[in-house]
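Numbering (UniProt numbering), first residue to last: 1 to 716. Glycine is no exception: its CB is placed at the ideal position from the N, C-alpha and C atoms. All values reported here derive from a predicted model rather than from experimental measurement. Everything below concerns the one structure shown next.
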Amino acid sequence: MDPIRAFLIDVKRLIVKVGTAVVTRHDGRLAVGRLGALCEQLKELNSQGYEVVLVTSGAVGLGRQRLRYRKLVNISLADLQNPQVELDGKGCAAVGQNSLMALYDTLFSQLDVTSSQHLVKDSDFRNDSFREQLSETVKSLLALKVIPVFNENDAVSTRRTPYEDSSGIFWDNDSLAGLLAMEVKADLLVLLSDVEGLYSGPPSDPNSKLIHTYIKEKHQAEITFGDKSRLGRGGMTAKVDAAVCAASSGIPFVITSGYATDNIIKLLQGKPVGTLFHKDAHLWTSVNEVDAREMAVAARECSRRLQAMSSEDRRKLLLDVADALEANESLIMAENEADVAAAKADGYEKALISRLALKPGKIAGLAKSIRVLADMEEPISRIAKRTELADGLILEKTSCPLGVLLIVFESRLDALGQIASLAIRTGNGLLLKGGKEARRSNAILHKIITSAIPDSVGDKLIGLVASREDIPDLLKLDDVIDLVIPRGSNSLVSQIKNSTKIPVLGHADGVCHVYIDKSANPDMAKKIVRDAKIDYPAACNTMETLLVHQDLSNNDLLKELLAKLRREGVTLYGGPRASSLLNLPRAQSLHREYSSLACTVEFVDDVRAAIDHIHQHGSSHTDCIVTEDHEVAEMFLHRVDSAAVFHNASTRFCDGARFGLGAEVGVSTSRVHARGPVGVEGLLTTRWILRGSGQVVDGDQGVTYSHKDLPLQTQI
């Protein structure tokens with residue numbers, strides 16, 4: 001659970017306030033479907049042991065709709081000739097309260113939940129005895145699992161103008177909810193509105209963004225409020241006032257959408273829903289923290305200054321980064337050890353902890369790969385093709401950076417250093433979001449790397465996204481961010497692909513296969529299989545499925561190979577055929593990425609069956625054949641449709657550094673732009689430069705096109 005919402009663990013008693021725009025439809029009639037979903041949520045919370053108090057609006061709007069209908073039914077010709085008189089708000093409240101409470105009683109009764117009705121006035125709370133009795137009554141009802149339903153009694157309100165007068169102890173149902181939360185000592189107040197939460201401006205404005213955590217010092221002066229609710233009394237201004245008041249009194253307050261059928265449940269599960277108001281919010285997030293757009297724009301501006309540097313200066317910058325990492329290795333390892341200890345205490349899986357831990361020599365290896373990058377050929381403005389279009393008109397196709405990259409990765413610490421160095425080498429701006437389990441390690445690596453960037457470029461070239469709540473906002477910035485590269489689980493990659501219009505480069509799974517053909521060299525097969533599974537089980541290029549030719553089912557090679565894997569601690573699962581023949585536990589799925597010391601074993605008839613199996617159950621990442629039959633090997637190499645296909649070599653070779661790319665931002669199984677380990681070239685695109693001497697098209701009347709290829713010239 002996000003540390004910001006850790007307080008939810010202790011929530012037992014909560015107030016839920018539902019607004020008029022949620023209770024009623026646009027025509028003023030009751031939104032029975034939404035209210036039914038709300039009551040089902042409250043019933044679920046009630047059964048889980050939560051104590052729930054409901055504060056509801058909507059009586060005045062509902063009553064007005066019913067009285068207008070009644071007036072229309074009874075209208076006379078004389079009435080039609082007279083101007084329409086606005087209906088009295090108190091009368092509307094009296095009629096609406098009866099209908100509204102009758103519906104709540106019916107809905108709760110259908111769910112086998114008992115509710116109680118409480119109509120209160122502002123003046124009631126001026127009486128200390130009333131407040132004490134109210135608190136005792138509510139507590140006794142909650143102990144009986146009754147859901148008290150409160151509404152301001154507008155029918156007998158003593159205010160001069162009950163819909164405008166904001167004097168008194170409370171002035172609308174929003175402030176009533178806040179007051180009740182303090183009176184009954186609630187642990188949380190949830191306000192359901194017709195929008196997702198509090199926005200920086202009117203929600204209809206495309207430039208407005210959802211504020212996940214409200215910080216008074218930061219947001220009070222920034223927010224622009226739009227029109228108030230179509231039916232309610234106070235609009236968002238009243239809700240924010242009530243939220244700030246409750247939060248300052250120590251009661252967390254969340255504004256979220258009442259149109260969703262499960263937002264309250266999601267909130268209590270710790271999911272980022274709506275806008276949170278909390279008295280300690282200023283301690284969680286820096287008041288001066290820039291928003292997502294500002295961070296992306298700053299990265300783009302810095303990247304353009306980086307591109308303006310000379311090739312030698314960019315090379316020196318990379319060398320400075322490598323030196324800084326080595327000089328601060330002890331500090332990096334200390335922060336990483338703290339992350340690993342915290343992950344173990346929190347009960348994270350062993351595979352994740354394995355990826356999280358920086359092993360001895362990792363920083364030295366990272367620094368070495370950065371120096372390899374620095375010494376590579378200059379990638380920016382490299383001329384790929386020169387063409388003479390016409391006499392004196394020369395066209396050049398050149399390489400250039402993509403722009404701004406957003407990389408989201410989970411507990412892979414070497415990823416941050418590799419990606420940052422690749423961004424510098426290719427002149428790209430970069431935004432990084434690592435897993436929360438690696439928060440300390442990522443922060444120190446980011447600090448060390450950006451400290452090496454000269455002021456002439458700016459340390460905002462590489463931004464570190466602090467909160468996962470910023471990710472949805474970043475994924476909307478298709479006008480500023482040019483490519484998203486997720487590195488992590490299948491669910492992470494799929495979620496990002498489904499949440500953005502920005503191009504996404506990556507792979508969802510690393511279900512890599514090793515196929516042992518009947519002609520395989522036994523010693524070679526044992527060595528390759530062991531390495532592919534044991535060298536680094538948590539990597540995306542590790543073997544997850546071992547395919548074996550059926551002729552080897554009773555062969556000593558297979559017996560020795562499986563025995564060797566078991567000695568290394570590998571848990572073996574079988575496909576439909578192998579589980580029966582080898583007496584192995586049945587694999588849950590043939591498309592399974594274990595990322596640990598486990599793998600699936602299955603028999604296939606021949607190389608064609610192996611290819612079909614890989615296409616049906618693989619992930620197009622890396623697949624290998626072990627065979628001495630050249631013809632079989634060539635068939636496998638040319639027909640397996642994966643990003644990397646190997647013959648007699650471990651799948652672990654599918655890596656940017658091992659391919660000589662210096663580093664990689666990840667392995668792509670996409671078929672557009674880049675595929676396989678993505679290094680420098682995968683972070684570049686092309687642009688066209690045309691050099692002329694005054695030529696014009698003029699309907700192509702005066703141009704003689706030659707389209708002649710020219711030799712490449714050394715870049716300046």
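Which one or two residues does DSSP pair with residue i in a beta bridge?
{"i": "R13", "result": "E51"}
{"i": "A292", "result": "DSSP lists no partner for A292."}
{"i": "V667", "result": "P677"}
{"i": "K497", "result": "According to DSSP, which records beta bridges pairwise, K497 is partnered with nothing at all."}
{"i": "V548", "result": "I516 and F603"}
{"i": "A598", "result": "T571"}
{"i": "I407", "result": "L432 and I485"}
{"i": "Y199", "result": "L210"}
{"i": "T686", "result": "S399"}
{"i": "V18", "result": "T56 and L192"}
{"i": "V504", "result": "V484"}
{"i": "T261", "result": "In the DSSP output, where bridge partners are listed per residue, T261 has none listed."}
{"i": "L276", "result": "T213 and V254"}
Rounding to the nearest angstrom, what Cα-Cα distance links residue i and residue j in this structure?
{"i": "D517", "j": "A649", "result": "14 Å"}
{"i": "R652", "j": "T542", "result": "6 Å"}
{"i": "T161", "j": "I265", "result": "Below a pLDDT of 50, predicted positions are generally treated as unreliable, and T161, at 45, falls in that range; the measurement from the model is reported next regardless. Going by the C-alpha atoms only, they are around 37 Å apart."}
{"i": "L100", "j": "S249", "result": "31 Å"}
{"i": "T137", "j": "L198", "result": "33 Å"}
{"i": "K397", "j": "D391", "result": "18 Å"}
{"i": "S670", "j": "V504", "result": "9 Å"}
{"i": "F409", "j": "L492", "result": "9 Å"}
{"i": "G435", "j": "N490", "result": "15 Å"}
{"i": "D478", "j": "P486", "result": "16 Å"}
{"i": "K344", "j": "I353", "result": "7 Å"}
{"i": "R315", "j": "I255", "result": "50 Å"}
{"i": "K501", "j": "V672", "result": "15 Å"}
{"i": "F108", "j": "S175", "result": "25 Å"}
{"i": "D473", "j": "N442", "result": "21 Å"}
{"i": "residue 722", "j": "L406", "result": "For the chain, the structure presents residues 1 to 716; residue 722 sits outside this window and is missing."}
{"i": "E437", "j": "T237", "result": "37 Å"}
{"i": "S310", "j": "A367", "result": "22 Å"}
{"i": "S668", "j": "K17", "result": "47 Å"}
{"i": "A102", "j": "D124", "result": "24 Å"}
{"i": "L325", "j": "E51", "result": "53 Å"}
{"i": "Q269", "j": "E378", "result": "50 Å"}
{"i": "H433", "j": "N263", "result": "A small fix is needed here, since residue 433 is Lys in this sequence, not His. Rounded to whole angstroms, K433 to N263 spans 26 Å at the Cα level."}
{"i": "P711", "j": "S399", "result": "17 Å"}
{"i": "G429", "j": "D313", "result": "17 Å"}
{"i": "L687", "j": "R382", "result": "What sits at residue 687 in the sequence shown is Arg, not Leu. If you take the alpha carbons of R687 and R382, they lie about 10 Å apart."}
Look up residue i in the DSSP assignment and say whether it is helix, strand or coil.
{"i": "N583", "result": "coil"}
{"i": "A247", "result": "helix"}
{"i": "K185", "result": "coil"}
{"i": "residue 761", "result": "This structure does not reach residue 761, given that the chain is present from 1 up to 716, and the question cannot be answered."}
{"i": "S99", "result": "helix"}
{"i": "E634", "result": "helix"}
{"i": "A539", "result": "coil"}
{"i": "H617", "result": "helix"}
{"i": "G707", "result": "Residue identity differs from the one stated: residue 707 is His in this sequence, not Gly. In this structure, H707 counts as strand in the three-state DSSP scheme."}
{"i": "S57", "result": "coil"}
{"i": "P3", "result": "In this predicted model, P3 has a pLDDT of only 49, less than 50, meaning its place in the structure is not dependable; the value taken from the coordinates is given anyway. Looking at P3 - three-state DSSP - the assignment turns out to be helix."}
{"i": "A177", "result": "helix"}
{"i": "H647", "result": "strand"}
{"i": "V297", "result": "helix"}
{"i": "V254", "result": "strand"}
{"i": "F659", "result": "coil"}
{"i": "D623", "result": "strand"}
{"i": "T24", "result": "strand"}
{"i": "D698", "result": "helix"}
{"i": "R691", "result": "strand"}
{"i": "L306", "result": "helix"}
{"i": "L30", "result": "strand"}
Quick one: measure Cβ to Cβ for residue i and residue j, integer angstroms, because I've assumed they're closer than 8 Å.
{"i": "D194", "j": "A21", "result": "4 Å"}
{"i": "L445", "j": "I453", "result": "That belief does not hold up - the Cβ atoms of L445 and I453 are roughly 14 Å apart, past 8 Å."}
{"i": "L38", "j": "L62", "result": "Between L62 and L38 the Cβ distance is about 15 Å, and since that is not below 8 Å, they are no contact."}
Any C-beta of chain B sitting closer than 8 Å to the C-beta of residue i?
{"i": "P454", "result": "Of the chains in the structure shown, none is chain B; there is only one protein chain."}
Within the region 337 to 398, ranges of the alpha helix (DSSP H) (whole runs, at least 4 residues):
350 to 356 and 362 to 374
In the region 106 to 163, which residue ranges form an unbroken alpha helix (DSSP H) of at least 4 residues, counting only runs that do not cross its ends?
128 to 143
Which ranges would you report for the beta strand (DSSP E) in the region 430 to 481 if only whole runs of at least 3 residues count?
462 to 464
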